[in-house]
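According to my numbering, the sequence shown is numbered sequentially starting from 1428. Cβ atoms here follow ideal geometry from the backbone N, Cα and C, with glycine treated the same way. Structure record follows, encoded as structure tokens.
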Amino acid sequence: MEMDHQNKCCPCSYMNSNVLVNECYLCSWGPSNSLPPLSWSARLKIARGTARGLMYIHEYSPRKYVHGSIKSTKILHDEDLQPYISGFGLTRLVSGSSKFTTSASKKQNSNSSIVTSGLKVTAPSTIDLAPEAWIPGSKFTQKCDVYSFGIVLLEILTGKLPDEAPEHDGKGLESQVRKAFREERPLSEIIDPALLNEVHAKKQVVAAFHIALSCTELDPEIRPRMKTVLESLDRIRLQ
């Protein structure tokens, strides 16, 4: 849509406040359990839809944009569990920039921010963010988004927040899961307990874990593109 007026608007559909973080965590064992936890098929549908949306941003947007702030609180869904990625576009409307540059400060905390063209944008907490994005002077890349998507996928699979690790020496969710697979622990110790009854989905869940871990590799060059991630998730659906 093109407008000559200096005040620009962004038309969009109305969305109820169905946020992924509420469905996966609070409904499983948190303070609000009035709704049943999401089934495996529902979680896979949300994961695939989110991957498709992020792939579109990367591959088919005019400038092959980077979202820069992928996390579970940015994923909304409708009554049919069709996911929508929020938090993308408004920054570029204001700043005209598609790239985020991290501040030179090495201070890493949940209140850190990114400055782009004079506009301060709140960044994901360090536990959600790709390690290379915190190197002073570095820029957000699509592989940073892939890393963050991997964290979201781990949240979907485990029902845990990425920094929910008081019993694991402060290590994040990705480190916990990677260590568990390295030690060949039972799947029952890793996945969301709400999924334990869905025995038929065991192979699919394990495959999804491997996708999430590939997305969160330390070396960004090893991480797959979102197009590959989506193809892998689609193969799980067909199993």
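Cut-off 6 Å between Cβ atoms - residues of its own chain near residue i, not counting five sequence neighbours on either side
i, result
"Asn1624", "none"
"Ser1513", "Lys1501, Leu1503"
Of the residues the options, the one placed nearest residue i, counting alpha carbons only
i, options, result
"Pro1464", "Ile1583, Lys1606, Arg1652", "Ile1583"
"Lys1654", "Leu1503, Arg1475, Ile1512, Glu1610", "Arg1475"
"Glu1648", "Pro1558, Leu1481, Arg1479", "Pro1558"
"Leu1640", "Glu1610, Asp1661, Gly1577", "Gly1577"
"Arg1652", "Ser1468, Tyr1483, Lys1472, Ile1473", "Tyr1483"
"Leu1580", "Cys1571, Trp1561, Glu1601, Pro1563", "Glu1601"
"Ser1466", "Pro1563, Gln1631, Ser1575, Glu1486", "Gln1631"
"Val1656", "Glu1506, Tyr1492, Glu1486", "Glu1486"
"Arg1650", "Glu1616, Pro1489, Ser1575, Leu1622", "Ser1575"
"Lys1498", "Lys1491, Cys1571, Leu1622", "Cys1571"
For residue j and residue i, the rounded distance between their alpha carbons
i, j, result
"Leu1614", "Gln1509", "27 Å"
"Leu1503", "Gly1480", "12 Å"
"Ser1659", "Ile1638", "7 Å"
"Glu1611", "Val1633", "12 Å"
"Lys1526", "Gln1569", "Since pLDDT at Lys1526 reaches only 47, below the 50 mark, its modelled position is unreliable, and no value is offered."
"Val1573", "Leu1556", "10 Å"
"Arg1662", "Phe1636", "14 Å"
"Phe1567", "Gly1495", "6 Å"
"Ile1562", "Leu1645", "13 Å"
"Tyr1511", "Thr1477", "7 Å"
"Asp1507", "Ser1468", "12 Å"
"Phe1608", "Ile1473", "24 Å"
DSSP-derived helix/strand/coil call for residue i
i, result
"Tyr1487", "coil"
"His1637", "helix"
"Leu1657", "helix"
"His1504", "strand"
"Tyr1492", "coil"
"Pro1510", "strand"
"Ser1524", "Model confidence at Ser1524 stands at a pLDDT of 44, short of 50, so the residue's coordinates are unreliable and nothing is read from them."
"Ser1566", "A small correction: the amino acid at residue 1566 is Lys; Ser does not occupy that position in the sequence shown. Strand."
"Lys1472", "helix"
"Pro1651", "coil"
Residues near residue i by beta carbon distance below 7 Å, same chain, minus five either side
i, result
"Arg1664", "Leu1471, Arg1475"
"Ile1618", "Leu1584, Thr1585, Val1632"
"Ser1488", "none"
"Lys1606", "none"
Own chain, CB closer than 8 Å to residue i, minus 5 neighbours either side, in chain order
i, result
"His1627", "none"
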